[in-house]
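So that you can map any letter, position 44 of the sequence shown is 58 in the working numbering, and since no number is skipped, the others follow by simple counting. We treat Cβ as the ideally placed atom computed from N, Cα and C, and that holds for glycine.
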Amino acid sequence: MAKILIVEDERDIRSLVAKALSAKGYEVFEASNGYEGWYMLQKEKPDLVILDIMMPVMDGMEVLKKIRNHPEFKEMPVIMLTGKSEDKDILEGYSVGADYYITKPFDIKTVLIGVKMMLGEKI
């Protein structure tokens, strides 16, 4: 099954998403800030990253830029899962390289469908 990295500073949200993905059989890794997420990404080489924007140490946009500029990871699918919900924020996320953008609050089913779409799995 696919490996998924969740980079989210809010423990409750990170735990909710991790439990839902684990229940569907995915191997899940967690990071609580962008710096830790970038380290975990290089170590675990996940198939997909779920990334918050507003985090301490290194924000999600900086992590996304690093992913898109790295030859090994530039094609890796990235889902932004964030409270930044204005049109300009969504457009910025896509312009930096997000493949899918989900705003908080969210329905966990939306995340699960997004994951399946990004991994090319049947919905």
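The continuous stretches of alpha helix (DSSP H) do not include Ile93, which lies in the beta strand (DSSP E) extending over residues Val92 to Thr96. Secondary structure of Ile137 (DSSP, three-state): coil. Using a C-beta cut-off of 8 Å, the stretch 113-121 makes contact with the stretch 94-104, since at least three inter-stretch Cβ pairs fall below that distance. Between Ala34 and Leu126, the CB-CB gap stays under 8 Å.
DSSP places Lys79 inside the alpha helix (DSSP H), whose first and last residues are Gly74 to Asn83. As DSSP reads the structure, Thr124 sits in no beta bridge. Going by DSSP, Lys57 is part of no beta strand (DSSP E) but of the alpha helix (DSSP H) stretching over Gly48 to Glu58. Inter-residue distance for Val110 and Gly48 is about 16 Å (C-alpha atoms, whole angstroms). Secondary structure of Lys38 (DSSP, three-state): coil. If you ignore the 5 residues before and after Ala32, its C-beta comes within less than 7 Å of the C-beta of Ile20, Val42 and Glu44, all in its own chain and listed in chain order.
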